[in-house]
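A.B. asks: Numbering (the working numbering), first residue to last: 1 to 319.
Attaching a single structure in structure tokens format; questions to follow.
Here it is, written out as structure tokens:
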């Protein structure tokens, strides 16, 4: 039986991984391919599940599949292997959390049994051009985040330099030089905005088993698990009341810089349906939901050392 091709999407919070994932799904869908998707979220809820309607989606929540809930990933892959025997899966797409270490996900596929069923084709690294240099600065991030971001680039087999529309040519050249210094020599870098990229470049097989010969000494280079994202926390606010769009926008863009990413479902003043809200890089995007969506309003915030008490203070008079 043909092995299942696997593509891992990796990149820091807010880099645009989900946008790239959705475009890949659409392309495979147009080719009538049977696609399975594994979506990993740090928090206990996936606010964006509505984006994957009619797809075979497995949500792995409340932890990172590179470490704290790696066993959940193993169990999911075993279930997919059983399914594949009865109903062949033609491609598996995996999106890690924004603080996942790509090599620790990829190493799962070096297991003998996994190699019989799955064929890891590529680790696609997505880099946010608008904030990459800032996050690598000692003044704007922790050592753990800087190390993680460097390793996310190092262990990618192709790098998408995303959101290039948000930076000028001079800064883009500087970012490109930095990415070049971090990646492996043979790894291509594609410039993109909104995840628009040549699909044939994404689906190309770029990984051989030789890439994982460093598995045995990999953990000598850095500590496993907690140091990658020990400072990154999630906070959720449920049953968000109806809120004015301008008020919400102003509140979000004035949140402390420690809030790196936020996403939610809210009912805006004057609307009868929910709106999907995304916040990253001090930019807010709104997308109206369908009338038949019965999900509850919720907001999830991701950032450095966040806690419930902080958001009780931030949200007074808002939520």
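Note that the Cβ used here is the ideal one computed from N, Cα and C, for glycine as well.
Can you check which of these residues, 307, 306, 237 and 8, is closest to residue 156 by C-alpha distance?
C.D. replies: Minimum Cα distance to residue 156 is reached at 8.
A.B. asks: Rounded to whole angstroms, how far is the Cβ of residue 153 from the Cβ of residue 159, which I believe are closer than 8 Å?
C.D. replies: Confirmed, about 6 Å.
A.B. asks: Could you give the DSSP three-state label for residue 118: helix, strand or coil?
C.D. replies: If DSSP states are grouped into helix, strand and coil, residue 118 belongs with the strands.
A.B. asks: Mind checking which residues open and close the alpha helix (DSSP H) that includes residue 276?
C.D. replies: Segment 275 to 280 is the beta strand (DSSP E) holding residue 276; no alpha helix (DSSP H) there.
A.B. asks: Cα-Cα, which of 2, 38, 265 and 315 is closest to residue 117?
C.D. replies: Cα-wise, what sits closest to residue 117 is 2.
A.B. asks: Looking at residue 47: is its Cβ nearer than 9 Å to the Cβ of residue 299?
C.D. replies: Yes, the Cβ-Cβ distance between residue 47 and residue 299 is below 9 Å.
A.B. asks: From 114, 263, 310 and 183, pick the residue whose C-alpha is nearest to that of residue 73; which is it?
C.D. replies: Checked all of 114, 263, 310 and 183; the closest Cα to residue 73 is 114.
A.B. asks: Is it the case that the segment 140 to 148 contacts the segment 87 to 95, given that we only count it when at least three CB pairs across the two stretches are under 8 Å?
C.D. replies: Touching, no, given that fewer than three Cβ pairs across the two stretches are closer than 8 Å.
A.B. asks: Which same chain residues, not among the five before or five after residue 259, have their C-beta less than 6 Å away from its C-beta?
C.D. replies: Counting only Cβ-Cβ distances below 6 Å, and skipping sequence neighbours, we find 301 and 303.
A.B. asks: Does the beta-carbon distance from residue 311 to residue 23 come in below 9 Å?
C.D. replies: No, they are not a contact pair.
A.B. asks: Count the other CB atoms within 10 Å of the CB of residue 192; is the residue buried (16 or more) or exposed (fewer)?
C.D. replies: Residue 192 should be labelled buried.
A.B. asks: The alpha helix (DSSP H) that contains residue 80, what's its start and end?
C.D. replies: First-last of the alpha helix (DSSP H) with residue 80: 70 to 86.
A.B. asks: Counting Cβ pairs, one atom from each stretch, are 3 or more of them under 8 Å apart for the segment 9 to 17 and the segment 26 to 33?
C.D. replies: They do not touch, by the three-pair rule.
A.B. asks: Alpha carbon to alpha carbon, how far is residue 53 from residue 276?
C.D. replies: Going from the Cα of residue 53 to the Cα of residue 276 covers about 15 Å.
A.B. asks: Pop quiz: residue 64 and residue 100 are said to be a contact at Cβ under 8 Å. What is the actual Cβ separation, rounded to whole angstroms?
C.D. replies: Yes, they are in contact, since the Cβ atoms of residue 64 and residue 100 sit about 5 Å apart, within 8 Å.
A.B. asks: Could you give the C-beta distance for residue 121 and residue 205, rounded to a whole number, given that I count them as a contact under 8 Å?
C.D. replies: Yes, residue 121 and residue 205 are in contact; Cβ-Cβ is about 5 Å, under 8 Å.
A.B. asks: Between which two residues does the beta strand (DSSP E) containing residue 301 stretch?
C.D. replies: From DSSP, the beta strand (DSSP E) with residue 301 extends over 298 to 304.
A.B. asks: Would you mind stating whether residue 34 and residue 91 have Cβ atoms separated by less than 9 Å?
C.D. replies: Taking 9 Å as the Cβ cut-off, residue 34 and residue 91 qualify as a contacting pair.
A.B. asks: Residue 288: buried (16+ other C-beta within 10 angstroms of its C-beta) or exposed?
C.D. replies: Its Cβ having fewer than 16 others within 10 Å, residue 288 is exposed.
A.B. asks: Does the beta-carbon distance from residue 44 to residue 71 come in below 9 Å?
C.D. replies: The answer is no: Cβ separation not under 9 Å.
A.B. asks: What separation, rounded to the nearest whole angstrom, lies between the Cα atoms of residue 242 and residue 176?
C.D. replies: Approximately 43 Å between the Cα atoms of the pair.
A.B. asks: Just mark residue 261 as buried or exposed, buried being the case when its beta carbon has 16 or more other beta carbons within 10 Å.
C.D. replies: Residue 261 is buried by the Cβ-count criterion.
A.B. asks: Any idea if residue 15 is buried or exposed, counting beta-carbon neighbours within 10 angstroms, 16 or more meaning buried?
C.D. replies: Looking at its Cβ environment, which holds 16 or more other Cβ atoms inside 10 Å, residue 15 is buried.
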